[in-house]
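Enquirer: Last residue of the sequence shown? That's 652 in the UniProt record's numbering, and every number before it is there in order.
Below are the structure tokens for one structure; questions will follow.
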Amino acid sequence: MSSSSVEEITDQSNDLFTQDGVLLKACSGRPVNELNSIGMLCIVQNSDGTKSIEWRPSDIITVCAVQEQDWALVNAIGRRQRTFSGNLTADYATARARIIRMPLNELKIFRVTNRNQQMSFSNKVGVWQSTFFFQHGNAEVFIAYLKSHVKTAKSSRDRNTYLVVEPTDETRALNRSFTELDIFQENTTDVVWNIVSNLKERPYETTMEAFSKLSSIGLDYNSGSQLLYYGNEASSKRDVSEEVADLLTKSMVAAEEAHSVTKSDEYEVISMKPTLPPRPSIPRSTPLSQEKWEGLQDTLGRVTEMDGVKQLIFRGGVAHSIRKQVWKYLLDYYPWHMTHAELKALQKKRTDEYYCMKLQWRSMTEGQESRFTEYRDRKSLVEKDVNRTDRTHPFFAGDNNPNLETLQDILMTYVMYNFDLGYVQGMSDILAPLLLLMGNEVDTFWCFVGFMERIASNFDMDQAGMKHQLLQLQQLVMFASPELAQHLALKDSGNMYFCFRWLLVWFKREFSLIDIMRLWEVLWTGLPCANFHLLICVAILEAEKEVLISGDYGFTEILKHVNELSMRIEVNKVLSSAEGIYHQIISAPHLTDQIRIILGLTPLGTSAPTEDDDAPEATGTNCKDNDAAANVSTSGTDMEEVMYQIGLDMNF
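Spelled out as structure tokens, the structure:
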């Protein structure tokens, strides 16, 4: 890759694929002070039709004046700079000059290392021009998309290295022979193209019939014209154009939705639309009972069948009488293999650790607070949120409620436990059901820690984790419900921003406390796939598809309708539907690597994640790069970011 001048980077390129939160770790010819800069890695289509890999520093991304209003929902406090699509920098030309671009037709080799967390590119074997680090995930999604634009082959010497395969003389000759193949005269060719452009129904049957008839053509050049023969009936001769005309006059009555039409100035291509297999109906089972739970432990209290327990919980949840105990295992507070005696010792150790951290902030003097701005700001945020968390529930209702004080103490102690993340709006929603169930401050804290480990990316300062999930949800809806995806796209809602609240707090505000407990414990099992919570979103949207489409809802109406679903969703019905959608998707013959990666399945076109501790290769600087499967966005325009922020504001 090489840097490009301002003149070379035109504004007419079109982003095909973008991923935010990507660090530049090394680049040939770049000064050291430009390294470790955060930016966006893209695949773009240039105005001349060629494609390139492009990295842009975050300070080139411009922000619309509308964003100066306080649209942002997640307002975390920290030293990290929040960047948004669209921030106009003081020295725009300088930032433009820092853009790195490599045309895909010059890409020779790329390598993925360090557990798929580092990616290097080169247009010359033996020299790595640039290396990037993706903060929020691994490189699989980016690789899958890159492979749709270049043909690659794994290196026989290094399983983590991919060579870009160039066309050989043989393949070029084969392509040229097909291009130059000319069966008919010019007028007959026009007739054949007319068949293609006028196929409105029964594309498969009509195409096969045309092939069968054209394959029986006999050409008589002695008479100076092309004649058509059927078998040995030499006397039965017809002009080719007449035979083709018969195909055009046949009745074609199949449904139009069975194919798609792609137009250009010169031609129109009709292709079959892939269809999903039937969606199975999967009933829910009964909750894990105390009898079954005790039967799955040995005499010392060790859980001997962890996978079996998770299967039972996924199928039916947990009986409320044992929920307090089982949740400690699901949230990694209690290890499954520990005996009762070992768990008792662990609980004592965790209690000491908790009160040690609590003492750190409780013993802080007013003078210390006055000189500790970040701590003071976070404390203020916690106090504000606690005072409005689930106040309609009896457990948190009323003035001077001691449970609210416990809620605040736990959140402040978590700030000391993980000061890098601190406190972000929405965390109090996550904590409230845990405290309601556990009743014990220490147990609640460590269960909260386990929960936050799973969803910490939801509270990224730059919201990259949330944007990445919204993109994955968009891709799942496009695959599982194309009709709904098309409607959402037409109504400026294809970005799925109206689902922000669902994902941020894992549907906490959509279900009653008893129902959210059932939903969460099912999701914590990690079954039947990764990102099952995204399929919950798909199931809810599928149930509302008819309303959204028939009502011709636009962006505002969709957002309003989704918010009004709160407390009206049946949890068991949604879980059953989401599981059915999962089995429907994985049974689809056209299942793509992109969807496989989202669901945690091994992609067919890329290798599974591997560990590689090789020394970073670069141009004099250590490098480490990771695919930011995190914040992927199909549009980097100012309006896109404004719509995102408006969606957050209206959604919560």
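Yeah, the Cβ is synthetic: ideal placement off N, Cα and C, and Gly gets one too.
Being a predicted model, the structure only gives us computed values, none of them experimental.
1. Could you tell me the alpha carbon to alpha carbon distance between PRO603 and SER370, rounded to whole angstroms?
2. Could you please give me the residues that DSSP links to THR152 through a beta bridge?
3. For LYS154, I'd like the list of residues in its chain whose CB is within less than 8 Å of its CB, leaving aside the five on either flank, ordered along the chain.
4. If you follow the alpha helix (DSSP H) that THR556 is in, where does it begin and where does it stop?
5. Between LEU548, GLN118, SER130, which has its C-alpha nearest LEU565's C-alpha?
6. To which residues does DSSP link TRP55 through a beta bridge?
7. In three-state DSSP terms, what is LYS491?
8. Leaving aside the five residues before and after HIS487 along the sequence, list all residues of the same chain whose C-beta is less than 7 Å from its C-beta, in chain order.
9. Using DSSP with H/G/I as helix, E/B as strand and the rest coil, what is ILE516?
10. What residue does the alpha helix (DSSP H) around GLY126 start on, and which one ends it?
11. Return the CA-CA distance between SER197 and PHE511, expressed in angstroms with no decimal places.
12. For LYS328, count the other beta carbons within 10 Å of its own beta carbon; 16 or more makes it buried, fewer makes it exposed. Which is it?
13. DSSP three-state label for VAL112, please.
14. Report buried or exposed for PRO433, applying the criterion of at least 16 other Cβ atoms within 10 angstroms of its Cβ.
15. Look at the alpha carbon of GLY422 and the alpha carbon of GLY551, and state the distance between them as a whole number of angstroms.
16. Can you tell which of GLU579, CYS42, ILE597, GLY49 has the C-alpha that lies nearest to the C-alpha of GLY316?
17. Alpha carbon to alpha carbon, how far is GLN290 from THR152? Give it in angstroms, no decimals.
18. Mind listing, in chain order, the continuous alpha helix (DSSP H) runs of no fewer than 4 residues lying wholly within the region 302-347?
19. Which partner residues of GLN297 appear in the DSSP bridge assignment?
20. When the Cα atoms are used, what is the spatial distance from TRP520 to VAL505?
21. By DSSP's criteria, THR602 is part of a beta bridge. Which residues make up the other side?
22. Looking at the unbroken alpha helix (DSSP H) that takes in LEU534, where does it start and where does it end?
23. Any heavy atom of the ligand PLP closer than 6 Å to the beta-carbon of LEU513?
24. Quick one: Cα of PHE419 to Cα of THR373, how far?
25. Return the bridge partner residues of SER120 from the DSSP annotation.
26. Which word fits GLU54, buried or exposed, when buried means at least 16 other C-beta atoms lie within 10 angstroms of its C-beta?
27. Using DSSP's beta-bridge definition, name the partner residues of ASN14.
28. How about SER28 and GLN129: are their beta carbons less than 7 Å apart?
29. Using C-beta distances below 8 Å, list every residue in its chain close to MET416, excluding the 5 sequence neighbours before and after it, in chain order.
30. Whose C-beta lies closer than 7 Å to the C-beta of TYR553 among residues of the same chain, with five residues either side of it excluded?
31. Indicate the three-state DSSP secondary structure (helix, strand or coil) for VAL22 in the structure shown.
32. How long is the line joining the alpha carbons of SER428 and PHE500, rounded to whole angstroms?
33. Throw me the rounded Cβ distance for the LEU404 and VAL386 pair, which I believe falls under 8 Å.
34. Would you identify the three-state DSSP class for LEU288, choosing helix, strand or coil?
35. Near GLY300, which residues of its chain fall below 6 Å by C-beta distance, leaving aside the five closest residues on each side in sequence?
36. Report yes or no: do three or more beta-carbon pairs, one from the region 407-416 and one from the region 292-307, lie closer than 8 Å?
Expert: Well, looking at it:
1. 53 Å
2. VAL164
3. Excluding residues within five positions, the ones whose Cβ falls inside 8 Å are THR161, TYR162, LEU163, SER607.
4. 555-563
5. Comparing Cα positions, the closest option is LEU548.
6. LEU41, ILE100
7. coil
8. LEU548, ILE549
9. helix
10. No alpha helix (DSSP H) contains GLY126, which DSSP labels as neither H nor E.
11. For SER197, the predicted structure reports a pLDDT of 41, less than 50, and the residue's modelled location is therefore unreliable. The matter cannot be settled from this model.
12. LYS328 counts as buried, since no fewer than 16 other beta carbons sit within 10 angstroms of its beta carbon.
13. strand
14. With 16 or more Cβ atoms within 10 Å of its Cβ, PRO433 is classed as buried.
15. 42 Å
16. GLU579
17. 54 Å
18. 306-316, 320-330
19. VAL303
20. 11 Å
21. According to DSSP, residue pairing for THR602 in a beta bridge does not occur.
22. Going by DSSP, LEU534 is part of the alpha helix (DSSP H) stretching over 532-543.
23. You won't find the ligand PLP in this model; it holds no ligand whatsoever.
24. 13 Å
25. Looking at the DSSP assignment, SER120 forms a beta bridge with ARG111, THR131.
26. buried
27. GLN45
28. Yes; because the gap between Cβ atoms is below 7 Å, this pair is in contact.
29. MET357, LYS358, GLN360, TRP361
30. LYS491, HIS561
31. strand
32. Between SER428 and PHE500, the C-alpha separation is close to 17 Å.
33. 6 Å
34. strand
35. The sequence shown places Leu at residue 300, rather than the Gly named in the question. Taken in chain order, the residues that qualify are THR339.
36. no
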